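Take a look at the structure set out below.
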Amino acid sequence: LDHADFCYLPSVCGNCKALFRRFFFNASSQQCEEFIYGGCGGNRNNFETKAPALMDAWGGACPQPS
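Numbering (this note's numbering), first residue to last: -16 to 49.
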């Protein structure tokens, strides 16, 4: 994936059964949103806190909100 491609990936809970609170950049809403991550699998659109998701998203990797 190109650096910006992860911005368009959906949130993916993964294959495991843990309940980790994570954040992803939602390209449709142009917002960083919370989801539950199972602990394994998933994709790069997965951040432990809201700040890195927004920094990557709005720092040039992903489209900036209008």
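By construction, the Cβ of each residue, glycine as well, lies at the ideal position given by its N, Cα and C atoms.
All of these numbers come straight from a predicted model, not from anything done at the bench.
Which residue comes first and which comes last in the beta strand (DSSP E) that contains residue i?
i          : result
residue 9  : 3 to 9
residue 17 : 14 to 20
Could you work out which residue in the options is closest to residue i when comparing CA atoms only?
i           : options          : result
residue 133 : 32, 27 and -5    : The shown model of the chain, from -16 to 49, leaves out residue 133, and the question about it has no answer.
residue -1  : 30, 19, 6 and 12 : 19
residue -9  : 17, 30 and 7     : 7
Assign residue i to one of two classes, buried (16 or more other C-beta atoms within 10 Å of its C-beta) or exposed (fewer than that).
i          : result
residue 24 : exposed
residue 12 : exposed
residue 4  : exposed
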